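K.L.:
In order, the protein sequences belong to chains A and B. Going by this note's numbering, the first sequence opens with residue 5, and the numbers climb by one from there. Going by this note's numbering, the second sequence opens with residue 5, and the numbers climb by one from there. Just so it is clear, CB atoms sit at the ideal spot from N, CA and C, and this is done for glycine as well. These numbers come from a predicted model, not from an experiment. First, the structure itself, so that you have it in front of you.
2 protein chains.
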Amino acid sequence: MAMIGILGGMGPLATVDFMERVIDLTSSAGALRDQQHLPLLVVHLPHIPDRSDALLGTGESPLPALLRGIDMLNRNDVELIVIPCNSAHHWYDAMCAESRAPIIHIAEASVAALPAEVTRVAVMATGGTFHCGLYQRMLAARGFESVEPDETTQQHIDACIRDVKAGKIGASTEHMARALDWFARQGAEAGILGCTELPLATQQMDAPPIPMIDSTLELARATVSYALSHGWNRAQ
Amino acid sequence: MAMIGILGGMGPLATVDFMERVIDLTSSAGALRDQQHLPLLVVHLPHIPDRSDALLGTGESPLPALLRGIDMLNRNDVELIVIPCNSAHHWYDAMCAESRAPIIHIAEASVAALPAEVTRVAVMATGGTFHCGLYQRMLAARGFESVEPDETTQQHIDACIRDVKAGKIGASTEHMARALDWFARQGAEAGILGCTELPLATQQMDAPPIPMIDSTLELARATVSYALSHGWNRAQ
């Protein structure tokens, strides 16, 4: 029986949101009974040191803890690994080097989902992910132009993420609306929700001012597509 | 680092709902950052044979698959096991016999949450769980009287569960409302949602006619209470 490994807990609600998207997409693909869904092994480790703090030079590296999670998934024979945390992908190459199972890259899946007619793309991510340029490099390589937040807007994004992690979804949505308004005024034609806490804040919004690529959803789509094409929804 | 083991996927959305309750309860207990949440290992195995069919004599036993899940959790050194599926608890003793980690009993946690002043309690569960008398025996042992569904009402409960497993929450709520109305007319003073799909149907209802004990929530409360009392929310 093939299992999808999820290295999660970064943060806790984002992992649950990701799992729910995987289940919903599998239902949409025709699953009516439990036995038509996908087996998962979720190593949910919220104690992994904060990724953004490490990238900003204010906290310890999460890499040893990330590698312990990758090792646990491989020891349990998962056939694929996904990590619903964008910031953790700064250490993507190091994790791949230690993993037998392939790892889907959340930022690659997200950038690939941008419509071709878009040019200017707002980058919304943790301060650390923004600082290390993960999305900016990937957007430039595919011919998109990054719209980078000013200091106040990044503070709204960081506050939004912090509120979701604390379970305060209502407050998080207000910060998100302020950030999106700013990006729309800068001429951004689309935005990437490049942190898996951010979609939890935007799910409550009626009409966001710019279309958004949801990194949690794009990772879930890539995961379900891979798994269904390998027949992992069928009991072996 | 102590981990809570979850034997899940029965069904998929019920497991996600359970995880979300654990996270919400941990946030309510004061967690503001990822690192203050509880480590989980989720073995999510939707391919486990249908528990209710087995209890009704129309399907194969899930016990071998349940024991493989229990074994995987123990091999990964979890310190506690919980199973957000009521029907699976028919095989509780057999699973405990093969597990080093203690297993919290979902029905014990649920019956313990009934208010003392209540006498007549509606039993809402899969056909199989109802047939094997899991809740009826436990209620009788604690001095409560079971209100058992008639055939039409059990059909509504089964249809509700089936709809949730197929991702059709709207349709599931209509079946649940019909069942609850019937139980209220029989003089039930409270009801036990003794299947972890059922709370997903009732979450959309404005004012249920009788107060309900939610087995998913009671299992989550028992889990978080155990884990916080052991300090598992603190990074070791």
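1. Give the straight-line distance between the Cα atoms of G198/B and G131/B, rounded to the nearest whole angstrom.
2. Starting from R37/B, find everything on chain A with Cβ-Cβ shorter than 9 angstroms and list it in chain order.
3. Pick out whichever of V82/A, R225/A, L143/A, S219/A has its Cα sitting closest to the Cα of S103/A.
4. Once you ignore the five residues that flank I27/B on each side, which residues in its own chain have a CB closer than 7 angstroms to its CB?
5. For the beta strand (DSSP E) containing A194/A, list its first residue and its last residue.
6. For A239/A, would you say it is in contact with chain B, using Cβ-to-Cβ distances shorter than 7 angstroms as the test?
7. Going by C-alpha to C-alpha distance, which of I173/B, D162/B, V228/B, G174/B sits closest to G9/B?
8. Check whether the Cβ of S233/A lies closer than 7 angstroms to any Cβ atom in chain B.
9. Closest to A144/B by C-alpha separation, out of I161/B, T157/B, A126/B, V20/B, would be which residue?
10. Could you pull the DSSP bridge partners for I10/B from this structure?
11. So, with DSSP's three-state summary, where would you put E155/A?
12. Considering only DSSP beta bridges, list what D3/B is partnered with.
13. Note down, one range per segment and in chain order, each beta strand (DSSP E) of at least 3 residues found wholly within the region 103-190 of chain B.
14. Please confirm whether V20/A has its beta-carbon closer than 7 angstroms to some beta-carbon of chain B.
15. Buried or exposed: which applies to S56/B, given that a residue is buried once 16 or more other Cβ atoms fall within 10 Å of its Cβ?
16. Under 6 angstroms Cβ to Cβ from A226/A, same chain only, skipping five residues before and after it: list those, please.
17. Please tell me whether I52/A and P66/A are closer than 7 angstroms, where the distance is taken between their beta carbons.
18. Output, in chain order, the set of chain A residues within a Cβ distance shorter than 8 angstroms of D28/B.
19. Taking C-beta pairs closer than 7 angstroms, name the residues in chain B that V47/A reaches, listed in chain order.
20. Would you kindly report the start and end of the unbroken alpha helix (DSSP H) that includes E64/B?
21. Closer than 7 angstroms by C-beta to E178/B: which residues in its own chain qualify, once you throw out the five before and the five after it? Chain order, please.
22. Under DSSP, the alpha helix (DSSP H) around R25/B begins and ends at which residues?
23. What first and last residue would you give for the alpha helix (DSSP H) that runs through D54/A?
24. In chain A, which residues lie less than 9 angstroms from H94/B when you measure between Cβ atoms?
25. One question on the structure: do L202/B and V86/B come within less than 7 angstroms of each other, judged by their Cβ atoms?
26. Mind checking if S31/B is an interface residue toward chain A, Cβ cutoff 7 angstroms exclusive?
27. Chain A partners of E24/B, CB-CB under 7 angstroms?
28. Anyone know if the C-beta pair for L45/A and M7/A falls short of 7 angstroms?
29. Pick helix, strand or coil for A35/B, following the three-state DSSP scheme.
30. With 16 as the cutoff for other CB atoms within 10 Å, does G235/A come out buried or exposed?
31. Here's a check: name, in chain order, each residue in its chain whose Cβ is nearer than 7 angstroms to the Cβ of C136/A, leaving out the five neighbours to either side.
32. Establish whether the CB of H179/B and some CB of chain D are separated by less than 7 angstroms.
33. State the DSSP-derived secondary structure class of W95/A, mapped to helix, strand or coil.
34. Just to check my reading of the structure: A205/B and S233/B have Cβ atoms closer than 8 angstroms, yes? What is that Cβ distance to the nearest angstrom?
35. Whose Cβ in chain B lies nearer than 8 angstroms to the Cβ of M216/A?
36. Provide the residue span of the alpha helix (DSSP H) that contains A205/A, from first to last.
P.N.:
According to the data block:
1. On the second sequence, position 194 is the one that residue 198/B refers to. On the second sequence, position 127 is the one that residue 131/B refers to. Straight through space, the alpha carbons of G131/B and G198/B are spaced by roughly 11 angstroms.
2. One-based indexing of the second sequence puts residue 37/B at position 33. Residues of chain A with a Cβ closer than 9 angstroms to the Cβ of R37/B are, in chain order, G15, P50, D54, R166, K169, A170.
3. What you label residue 103/A is simply residue 99 of the first sequence in a count that begins at 1. The residue with the shortest Cα to Cα distance from S103/A is V82/A.
4. For the purposes of this step, residue 27/B is taken as residue 23 along the second sequence, with counting starting at 1. Hits under 7 angstroms: H41.
5. As a working note, residue 194/A is residue 190 in the first sequence. Going by DSSP, A194/A is part of the beta strand (DSSP E) stretching over 194-197.
6. The residue labelled residue 239/A in the question sits at position 235 within the first sequence. Chain B, which has a Cβ nearer than 7 angstroms to the Cβ of A239/A, makes this yes.
7. By one-based count along the second sequence, residue 9/B stands at place 5. Nearest to G9/B by C-alpha distance, out of I173/B, D162/B, V228/B, G174/B, is V228/B.
8. Mapped onto the first sequence, residue 233/A falls at position 229. At a cut-off of 7 angstroms between beta-carbon atoms, S233/A makes no contact with chain B.
9. Taking the first residue of the second sequence as 1, we reach residue 144/B at position 140. Of the listed residues, the one whose Cα sits closest to A144/B is A126/B.
10. The count along the second sequence starts at 1 and reaches residue 10/B at position 6. Here I10/B is bridged, per DSSP, to V46/B, V86/B.
11. Mapped onto the first sequence, residue 155/A falls at position 151. In this structure, E155/A counts as helix in the three-state DSSP scheme.
12. What the structure shows of chain B is the stretch from 5 to 240, and residue 3/B is not part of that stretch, so it cannot be assessed.
13. Listed in chain order, the beta strand (DSSP E) elements of length 3 or more contained wholly in the region 103-190 of chain B are 124-128, 149-151.
14. What you label residue 20/A is simply residue 16 of the first sequence in a count that begins at 1. Answer yes: the Cβ-Cβ gap between V20/A and chain B drops below 7 angstroms somewhere.
15. The residue given as residue 56/B occupies position 52 in the second sequence. Here S56/B is buried: its Cβ has 16 or more other Cβ atoms, across all protein chains shown, within 10 Å.
16. Taking the first sequence and counting its residues from 1, one reaches residue 226/A at position 222. So the list reads I108, A113, once near-sequence residues are dropped.
17. Residue 52/A sits at position 48 when you count from the first residue of the first sequence. Residue 66/A sits at position 62 when you count from the first residue of the first sequence. Closer than 7 angstroms, so yes.
18. Numbered from 1 along the second sequence, position 24 holds the residue referred to as residue 28/B. What D28/B touches in chain A, judged by beta-carbon distance under 8 angstroms, is G171, going in chain order.
19. As a first step, residue 47/A is located in the first sequence; it is residue number 43 there, counting from the start. Residues of chain B with a Cβ closer than 7 angstroms to the Cβ of V47/A are, in chain order, L45.
20. As a working mapping, residue 64/B is identified with position 60 in the second sequence. Note, E64/B: premise wrong, no alpha helix (DSSP H); not H, not E.
21. The sequence position of residue 178/B within the second sequence is 174, counting from 1. Closer than 7 angstroms at the Cβ level, and outside the excluded window around E178/B, lies no residue.
22. The residue you call residue 25/B lines up with position 21 of the second sequence. According to the DSSP assignment, R25/B belongs to the alpha helix (DSSP H) that extends over 16-32.
23. Here residue 54/A is taken as the residue at index 50 of the first sequence, counted from 1. From DSSP, D54/A is part of no alpha helix (DSSP H); its letter is neither H nor E.
24. Position 90 of the second sequence holds residue 94/B. Those within 9 angstroms of H94/B in chain A number zero; the least Cβ separation is about 16 angstroms.
25. Your numbering for residue 202/B matches position 198 in the second sequence. Your numbering for residue 86/B matches position 82 in the second sequence. Not in contact: L202/B and V86/B (Cβ atoms no closer than 7 angstroms).
26. Mapped onto the second sequence, residue 31/B falls at position 27. Yes, its Cβ sits closer than 7 angstroms to a Cβ of chain A.
27. Taking the second sequence and counting its residues from 1, the one referred to as residue 24/B is at position 20. Correct list: V20.
28. Translated into the one-based positions of the first sequence, residue 45/A becomes position 41. Translated into the one-based positions of the first sequence, residue 7/A becomes position 3. Taking 7 angstroms as the Cβ cut-off, L45/A and M7/A qualify as a contacting pair.
29. Here residue 35/B refers to the residue found at position 31 of the second sequence. Coil.
30. In the first sequence, the residue the question calls residue 235/A occupies position 231. By the Cβ neighbour-count rule, G235/A is exposed, with fewer than 16 other Cβ atoms within 10 Å of its own.
31. By one-based count along the first sequence, residue 136/A stands at place 132. L59, H94.
32. Absent from the structure is chain D; the protein chains it does hold are A and B.
33. Translated into positions along the first sequence, residue 95/A becomes position 91. The answer is helix: DSSP assigns W95/A an H, G or I state.
34. Mapped onto the second sequence, residue 205/B falls at position 201. Mapped onto the second sequence, residue 233/B falls at position 229. Wrong, their Cβ atoms sit about 32 angstroms apart, outside the cutoff.
35. Mapped onto the first sequence, residue 216/A falls at position 212. Listed along the chain, the chain B residues whose CB falls inside 8 angstroms of the CB of M216/A amount to none; the nearest CB is some 23 angstroms away.
36. Along the first sequence, one-based indexing puts residue 205/A at 201. Under the DSSP assignment, A205/A falls in the alpha helix (DSSP H) whose first and last residues are 202-206.
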